[in-house]
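Enquirer: In my numbering, the protein residues as written are 765 to 919.
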């Protein structure tokens with residue numbers, strides 16, 4: 765998977781930079797200039813990508829809504845700082861996994877427009893990774909929130 769992401773990054777950057785291969789597996793990027801405009805355009809591209817996933821993926825919208833509701837609940841409840849931080853981490857982990865899942869699905873559709881058995885398996889594995897991340901976040905979230913909700917109801 766890391767190899768696919770690496771090559772996708774290389775393909776995207778080919779038009780912007782001069783590339784030089786050194787050895788079999790190492791890639792040196794030369795003449796890379798850090799400019800303010802490049803940073804701002806990168807941030808703009810990232811925001812457009814998140815917006816695209818939000819517009820096209822129903823699960824991402826649902827996960828974003830649930831995450832926002834959980835964050836509001838975390839602000840309202842008297843959680844400790846580490847509990848709030850953990851809640852933010854698990855919410856963003858689910859959203860990041862959904863974005864990675866969507867990106868790999870689109871990339872696989874580009875390479876294999878007709879559903880090849882390997883592409884089908886890869887899509888199922890990525891959906892499984894999102895599901896496991898979501899389940900873990902629910903377990904951690906309930907473990908943190910239930911005692912605080914019980915204390916709030918008992919008062």
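Note that the Cβ used here is the ideal one computed from N, Cα and C, for glycine as well.
Using C-beta distances below 6 Å, list every residue in its chain close to residue 916, excluding the 5 sequence neighbours before and after it, in chain order.
Expert: Here the question's residue 916 lines up with position 152 in the chain shown. So no residue of the chain qualifies.
Enquirer: So, with DSSP's three-state summary, where would you put residue 827?
Expert: In the chain shown, counting from the first residue as 1, residue 827 sits at position 63. Reduced to three states, the DSSP call for residue 827 is helix.
Enquirer: When burial is assigned at 16 or more other CB atoms within 10 Å of the CB, is residue 844 buried or exposed?
Expert: Locating residue 844 in the chain shown gives position 80, where the first residue counts as 1. Exposed, since its Cβ has fewer than 16 Cβ neighbours within 10 Å.
Enquirer: For residue 835, tell me which candidate among 855, 817 and 805 has the shortest Cα-Cα distance.
Expert: As a first step, residue 835 must be located in the chain shown, where it is residue number 71. It is 855.
Enquirer: Please report the distance separating the alpha-carbon of residue 872 from that of residue 883.
Expert: Start at 1 with the first residue of the chain shown, and residue 872 comes out as number 108. Start at 1 with the first residue of the chain shown, and residue 883 comes out as number 119. Per the coordinates, the alpha-carbon of residue 872 lies some 6 Å from the alpha-carbon of residue 883.
Enquirer: Would a C-beta distance cut-off of 8 Å place residue 824 and residue 868 closer than the cut-off?
Expert: Within the chain shown, numbered from 1, the residue matching residue 824 stands at position 60. Within the chain shown, numbered from 1, the residue matching residue 868 stands at position 104. Result no, Cβ atoms of residue 824 and residue 868 do not sit closer than 8 Å.
Enquirer: Given a threshold of 16 other Cβ atoms within 10 Å of its Cβ, counted over all protein chains shown, does residue 817 qualify as buried or as exposed?
Expert: Locating residue 817 in the chain shown gives position 53, counting from the first residue. So residue 817 ends up on the buried side.
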